[in-house]
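Taking it in order: structure first as structure tokens, then the write-up.
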Amino acid sequence: MQNDFLQKFISQASKENELKIAQEKRKKHFQELGRKGGLKTKENKKLDKVISIRMTNSEYETLIQKQEKYPLKLSTYIRNVLFEKELKINEFQTDEVLLQYGNHFKKITNLLRNREWNVFENKKEIIVRIENLIELIHQYLYSKIQKNE
């Protein structure tokens, strides 16, 4: 009888131990999945090499003056100049102005289409000209995008 009780106790203890081990394995499995899962990280080139150079105060001042024309950090500016990448930052400012003009012209056409503006005799002609102008602006901007690609 004690032998039966001892065997049952040992088998119950071993089952409980197996369940604990199984739960730990399951927990570790999902921890590993959590480490591996999620969004893929972007594979960008890490800037891990550092180069230091010496220059005179006048060279440094001219470099700073040239860099201040662009909204870039000094290291990014130097890297772009060194590898002869194009600095087209001010170009986008003109594009933004053109887009703002296009938006304003669209607002004007919407106002002219309103019933309150029936005072103008040549209202339709004005709307057609404004729409042509908006189309020209969009064609110009899209042609610039296609040239860059």
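The numbering used here applies: residue 2 is where the sequence shown begins, and numbers increase by one.
Positions of the beta carbon are idealized from the N, C-alpha and C atoms, including for glycine.
Can you grab the Cα-Cα spacing for the pair residue i / residue j, in whole Å?
i, j, result
"Thr110", "Leu134", "11 Å"
"Ser76", "Thr57", "17 Å"
"Ile52", "Glu25", "48 Å"
"Asn4", "Glu33", "43 Å"
"Gln68", "Gln140", "32 Å"
"Lys108", "Ser144", "24 Å"
"Leu1", "Ile127", "Past the boundaries of the shown model lies residue 1; the chain is included only from 2 to 150, so the question cannot be answered."
"Tyr71", "Arg27", "54 Å"
"Asn123", "Arg114", "12 Å"
"Gln22", "Lys16", "Note on identity: in this sequence residue 22 is Ile, with Gln being the wrong assignment. If I take the Cα positions, the gap works out to 10 Å."
"Gln8", "Glu19", "16 Å"
Taking the beta carbon of residue i as the centre, do at least 16 other beta carbons fall within 10 Å, making it buried, or is it exposed?
i, result
"Lys61", "According to the sequence displayed, residue 61 carries Tyr and not Lys. Burial call: exposed."
"Tyr78", "buried"
Is it true that the CB of residue j sits closer than 7 Å to the CB of residue i?
i, j, result
"Phe106", "Ile131", "yes"
"Leu112", "Ile138", "no"
Enumerate in chain order the residues of its own chain whose CB-to-CB distance from residue i is below 7 Å, with the five nearest sequence positions on each side excluded.
i, result
"Val82", "none"
Please return the same chain residues whose Cβ sits closer than 8 Å to the Cβ of residue i, not counting the five positions on each side in sequence.
i, result
"Asp96", "Leu142 and Lys145"
"Ile11", "none"
"Val129", "none"
Can you list, in chain order, the residues of its chain with a C-beta nearer than 6 Å to that of residue i? Leave out the 5 residues immediately preceding and following it.
i, result
"Leu73", "none"
Secondary structure, alpha helix (DSSP H): runs of 4+ residues fully inside the region 56-93: 58-68 and 75-83
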